[in-house]
Structure formats: C-alpha cells, structure tokens
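To start, the structure under review is shown below, and the notes come after it.
Residue numbers (our numbering), protein chains in the order written: chain A, 1 to 171; chain B, 1001 to 1130.
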C-alpha cells in the first residue's frame, strides 16, 4: 500500500459512521449505502494529498457522500419522487386506511425516505449532521435560499405525512 | 379554535417534529468490518490515479522558464563572441591595410627625393612658428 495508509485508516475509522449514515438516509438501503460509503473513502484515498485540515476532511467527505449517494439513487431509481410533492388530502385519506396499520411502528426515518431527494438531503444534513442552512448550502452547492426552502417544505411534508401515519408525533 | 391558537399549535407540532428528527436521525454505526473492507479495496487499487499537484506544475513551469532563459543567454553569448571575433579580424585587416599604405607612401616619397624625416621635422617647425 502507498504512503499515508495509517492516516487513511484513521480517517476511515473516525468518519465511517457519518459517511455511512448519510448514504443510508439518502439511498435507504444498507447494502447500497455501504457501497456508496466505500466509494467515497476510496475517492478520498486517491486524492488525499489535496486535503488541508480535519475540518476540510469532514466537509469533503460530506460533500462527496451527498453527491455519490444521490448519483446512486438516480441510477437505481428505487423510489419515484414525482408523487411526493403532490400530497393531497385524497392521498392522505388513502394512506390513513392502507398504511396506518402497517406503519404504526414506523419511524420518522422511514417517512424521510419518501421525501423528494433534495428535501431529504437538506433535512438529513440539518438534523443528522446538525448543520446550519449556510453549511448545507456549501455542501450541496446550492443557494442558501434554496436550502431553506427545501428544509421548510421537507418539514411541512413530513409533518403532514406524520399527522396521517404517525399520530403520536402530533399530539 | 382561533387562528392564533391554530398557529400556536402548528408551531408546537413543528418543534416536536424537529425534536423527534434530531433524536431519530442520529448517526448509525457503519456495518461491522467496514473499515477493513475499505482498506482492502484501497490496497488493491490497480493504479493510484494521483492528480498532479500545483507543486508539480510550479516545478515544471520553473524548469521551463529556466530552460528558455538559459537558451536565450547562450545565444546572446555566442553572438557576442562572434561579433568580437569579427571585430578582431576587421582590425587586423585594417592594420595590415594601413601598414601597406604607409609603406607605399614612404616608397613614393623616397622616389620623389623627399626625406620623410625632414618632412616630419619641417612640418613640426611650421607648427611651432605658427
């Protein structure tokens, strides 16, 4: 192995939870999330000489994890998102009948996966990584206003979905 | 329920939702052996596609600039040496031509019965009288 292997191992061990969790929450599949997370670290390994500081490592890993996970999601196209924005009262009613019983034990994490990809990424970075909108904008390379909009719409959508399927959260 | 109460309720719901999100979206642990699998893949990377760093570009640029400057200096030095040699040759030719002209003048004057030394003295005296 090349020089810097021990340093690389340290980086993997320190950040594996973060990268894997981010990938998992975007792609929603443990196997694919591991594949994405491994690819992210290997990409880091190939370009490790460009890294400047620990903060830069974390920022780099977050940015690449988001990009690789969304790429993987597009390739797989597991969950069509077209209907996610059009959450109507009729759908709510239908879900209430069909999903409520199935999802009584479901968690918000599962509802998160039904959000449109951009909203899901913003919510994940806000509540998993505890990043302010400005940092989310830097990671996702989007304007801050767009990020704030994704967050607001994502939360509203989650609240409406949760109100239907997980009534315990709205009491 | 009044509009104000409705708004209050919505805000409370949103706050509760955010609290639950923070709680439920905590990081999860990577699968067991994840780091080992990454290290194994890194070890089997066929070729490390290292990007050339800016240092390499800077060194290459410096070498190129030095080579260009060195080449120009060598050319200038060669031109200078050539010019010196040509000047020396020209001076030798001129000296020889002057010697020959002087010799020719002496011969002419001797043939005319003139003493070069007298001529020289006469001209010197004339200059002194003036």
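We put the beta carbon where it would ideally sit given N, CA and C, even for glycine.
Next item on the list: Would you verify that the beta carbon of residue 1082(B) is, or is not, closer than 8 Å to some beta carbon of chain A?
Entry: Against chain A, the CB of residue 1082(B) has no partner CB under 8 Å away; the residue lies outside that interface.
Next item on the list: Could you list which residues in chain A have their beta carbon closer than 7 Å to that of residue 1014(B), in chain order?
Entry: By Cβ distance, chain A contributes 155 and 159.
Check: Counting Cβ pairs, one atom from each stretch, are 3 or more of them under 8 Å apart for the segment 157-165 of chain A and the segment 1022-1032 of chain B?
Finding: Too few Cβ pairs lie closer than 8 Å, so no.
Margin query: Less than 8 Å between CB atoms is the rule here; does residue 1001(B) satisfy it with respect to chain A?
Written below: Among the CB atoms of chain A, none fall inside 8 Å of the CB of residue 1001(B).
Next item on the list: Out of 154(A), 13(A), 19(A) and 59(A), point me to the one whose CA is closest to residue 139(A)'s CA.
Entry: Considering only alpha carbons, the answer is 59(A).
Next item on the list: Compare the Cα-Cα distances from residue 126(A) to each of 111(A), 154(A) and 143(A) and report the closest residue.
Entry: Selected option, being the one with the closest Cα: 154(A).
Next item on the list: Step through the CB atoms of chain C and report whether any lies within less than 8 Å of the CB of residue 1024(B).
Entry: Looking at the structure shown, chain C is missing, and the protein chains on hand are A and B.
Check: Does the Cβ of residue 8(A) have 16 or more other Cβ atoms within 10 Å, making it buried, or fewer, making it exposed?
Finding: So residue 8(A) ends up on the buried side.
Next item on the list: For residue 73(A), I'd like the list of residues in its chain whose CB is within less than 7 Å of its CB, leaving aside the five on either flank, ordered along the chain.
Entry: Cβ neighbours of residue 73(A) beyond the five flanking positions: 26, 27 and 117.
Checklist line | 8 Å contact criterion, which residue 42(A) and residue 1042(B) should meet: CB distance rounded | finding: With a Cβ gap of about 6 Å, residue 42(A) and residue 1042(B) count as contacting.
Notebook entry, point to check: Going straight from the alpha carbon of residue 124(A) to that of residue 1002(B), what length do you get?
Noted result: Distance between residue 124(A) and residue 1002(B), taken at the CA atoms: about 34 Å.
Next item on the list: Select from the segment 1028-1044 of chain B all residues with a C-beta closer than 9 Å to any C-beta belonging to chain A, and list them in chain order.
Entry: Going along the segment 1028-1044 of chain B in chain order, one finds 1028, 1029, 1030, 1031, 1034, 1035, 1037, 1038, 1039, 1041, 1042 and 1043 with a Cβ nearer than 9 Å to chain A.
Check: Quick one: is residue 136(A) buried, meaning 16 or more other Cβ sit within 10 Å of its Cβ, or exposed?
Finding: Buried, by the Cβ-count rule.
Notebook entry, point to check: What three-state label does DSSP hand residue 60(A) in the structure shown?
Noted result: Helix at residue 60(A).
Next item on the list: Alpha carbon to alpha carbon, how far is residue 1060(B) from residue 110(A)? Give it in angstroms, no decimals.
Entry: Whole-angstrom Cα-Cα distance: 54 Å.
Item checked: Proximity test, Cβ basis, 8 Å: residue 1064(B) and chain A -> With 8 Å as the cut-off, residue 1064(B) does not count as an interface residue toward chain A.
Next item on the list: Inspect the beta-carbon positions of residue 40(A) and residue 11(A) and report whether they are closer than 8 Å.
Entry: One thing to note: residue 40(A) has its Cβ no nearer than 8 Å to the Cβ of residue 11(A).
Item checked: Within 8 Å, strictly: CB atoms of residue 128(A) and residue 53(A) -> No, the Cβ-Cβ distance between residue 128(A) and residue 53(A) is not below 8 Å.
Notebook entry, point to check: Between which two residues does the alpha helix (DSSP H) carrying residue 52(A) extend?
Noted result: Careful: residue 52(A) lies outside any alpha helix (DSSP H) and carries neither H nor E.
Margin query: Counting C-beta neighbours from all protein chains within 10 Å, is the total for residue 150(A) 16 or more, i.e. buried, or is it exposed?
Written below: Burial call: buried.
Notebook entry, point to check: What whole-angstrom Cβ distance do residue 1035(B) and residue 13(A) have, given they're in contact under 8 Å?
Noted result: Sure, about 5 Å apart at Cβ, within 8 Å.
Notebook entry, point to check: Just how far apart, CA to CA, sit residue 1101(B) and residue 1108(B)?
Noted result: Whole-angstrom Cα-Cα distance: 11 Å.
Check: Do residue 107(A) and residue 113(A) have their CB atoms nearer than 8 Å?
Finding: No; because the gap between Cβ atoms is not below 8 Å, this pair is not in contact.
Notebook entry, point to check: Could you check where the alpha helix (DSSP H) with residue 140(A) kicks off and where it finishes?
Noted result: Residue 140(A) -> alpha helix (DSSP H) spans 133-140.
Margin query: According to DSSP, is residue 1030(B) part of a helix, a strand, or is it coil?
Written below: In the structure shown, residue 1030(B) adopts coil according to DSSP, grouped into three states.
Next item on the list: Please decide whether residue 62(A) counts as near chain B, where near means a Cβ-Cβ distance under 8 Å.
Entry: No - not a single Cβ of chain B is within 8 Å of the one on residue 62(A).
Notebook entry, point to check: If we ignore side chains and look at the alpha-carbon of each, how far apart do residue 974(B) and residue 133(A) end up?
Noted result: Lying outside 1001 to 1130, the shown extent of chain B, residue 974(B) is not represented and no answer is given.
Check: Any idea what DSSP makes of residue 1113(B), helix, strand or coil?
Finding: It is coil, neither helix nor strand.
Notebook entry, point to check: Candidates 5(A), 143(A) and 131(A): which alpha carbon is nearest residue 1039(B)'s?
Noted result: For the residues 5(A), 143(A) and 131(A), the minimum Cα distance to residue 1039(B) belongs to 5(A).
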